[in-house]
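> In the UniProt record's numbering, the protein residues as written are 1 to 295.
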Amino acid sequence: MPYAAEMLETMRSLEARHYNPLPADEDLWVQPSLTPVHRALLVDLMVGTGHALDVSLDALALTVSCIDRYLARKVVPDEPALELLGLAALLVATKYEEVAPPELHDIAAAAQHLYPPEEILAMECALVPALHFQLHVPTLATFLPHAAASAATTMDPHDADTASRVAVVVRHLALVALADVRLATGFTPSLVAAAVVVVAMELAVGVEEVPWDAVAEAMGYEVEKVREVARVVHNAAGTPHARIDAMLCRALRALGIEEEEMEGLEEGEIEDLEEEEARIAAVEAARAVASELAF
1 MPYAAEMLET MRSLEARHYN PLPADEDLWV QPSLTPVHRA LLVDLMVGTG
51 HALDVSLDAL ALTVSCIDRY LARKVVPDEP ALELLGLAAL LVATKYEEVA
101 PPELHDIAAA AQHLYPPEEI LAMECALVPA LHFQLHVPTL ATFLPHAAAS
151 AATTMDPHDA DTASRVAVVV RHLALVALAD VRLATGFTPS LVAAAVVVVA
201 MELAVGVEEV PWDAVAEAMG YEVEKVREVA RVVHNAAGTP HARIDAMLCR
251 ALRALGIEEE EMEGLEEGEI EDLEEEEARI AAVEAARAVA SELAF
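1) Can you name, in chain order, every residue of its own chain whose Cβ lies under 6 Å from the Cβ of Phe143, other than the five neighbours on each side?
2) In angstroms with no decimal places, state the Cα-to-Cα distance between Glu6 and Val181.
3) Would you call the CB atoms of Ala174 and Leu140 closer than 7 Å?
4) Take the Cβ of Arg231 as the centre, count every other Cβ of all protein chains shown within 10 Å, and call the residue buried at 16 or more, exposed below.
5) Expressed to the nearest angstrom, what Euclidean distance is found between the alpha-carbon atoms of Val176 and Pro80?
6) If you drop the 5 nearest sequence neighbours on each side, which residues of the same chain put their C-beta closer than 7 Å to that of Asp25?
7) At a cut-off of 6 Å, would you count Leu191 as near the ligand COA, judging by its Cβ distance to the nearest heavy atom?
8) By DSSP, does Thr142 sit in helix, in strand, or in coil?
9) Starting from Lys225 and walking both ways along the alpha helix (DSSP H), at which residues does that stretch end?
10) With distances taken between CB atoms, is the gap from Ala216 to Val223 smaller than 7 Å?
11) Between Val226 and the rest of its own chain, which residues show a CB-CB distance below 6 Å, the 5 nearest in sequence each way excluded?
12) Within 10 angstroms of its Cβ, does Phe187 collect 16 or more other Cβ (buried), or is it exposed?
13) Tell me, to the nearest whole angstrom, how far the beta carbon of Leu84 is from that of Glu119; I am working on the premise that it is less than 8 Å.
Dropping the structure here:
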């Protein structure tokens, strides 16, 4: 990628301005009643709404960033207001990240019309000034292509199946990381991106194939620091809130990842499809994700 090193350096400098990782025992929010479980459920709701609207990982990551930065400054009185905040953040993020962003009424419809468009718009008007109009900041999704590219240098460029397997798991683990408060607040997005890529390679191709040194060096971290965060990613992927949707489960199976490799990564039954139809759809979805993440 032309100017990749310069782009990464610029994004890292912006990251240093906007992110100040918090110690594990320090609260992210200004209201004590808000718990990590509340936040995880809200992120899960926004991910589901975003999938219904077919928005990008970049938009979802920016949505979560807007939510966290608002909650660090303002008190949200109740659960409906929290969900309204999520929808308003999604509205703002898609305006920045999508070529054809969903309209206000599309977001209201994707949320099953629980909140009228006027209320979502009113929350957007509260959200934007609360963030001091600094809406677009580097996120986990910003750094994933850079981390993925550094890992790809150690892989066979003709082995598209392996690249697709890794990329599918990367996308899932990125969503897990967005929902996990420790990963969202305790580490910088670039460090989490590096950890997500190496954990995905562990799950998809085996521990002996993980290019720890290449990824850590490319992202500007010590290998031990990446290993530390990788352990947190592993733990987060095993929590009850770390769900993986049906298409990604089918994609993983179709690309050769066995059930035991997905232990802790899925919850609930996967709908039955004809085997060949599922494989074709899964491989197409996986290749699209692989292309997006530069493998």
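Glycine residues also receive a C-beta, built at the ideal position from the N, C-alpha and C atoms.
Walking through what the data contain:
1) Pro189, Ser190 and Ala193
2) 30 Å
3) yes
4) exposed
5) Going by the C-alpha atoms only, they are around 23 Å apart.
6) With a pLDDT of only 48 at Asp25, under the threshold of 50, the placement of this residue in the model should not be trusted; the figure read from the coordinates follows. Once the five neighbours on either side are set aside, Asp25 has no close Cβ partner at all.
7) The ligand COA is not part of the structure shown, which contains no ligands of any sort.
8) helix
9) Val223 to Ala237
10) Judged by beta-carbon spacing, Val223 lies within the 7 Å limit of Ala216, meaning their Cβ atoms are closer than that value.
11) Ala194, Ala195 and Ala216.
12) buried
13) The C-beta separation of Leu84 from Glu119 comes to about 6 Å, placing the pair in contact by the 8 Å criterion.
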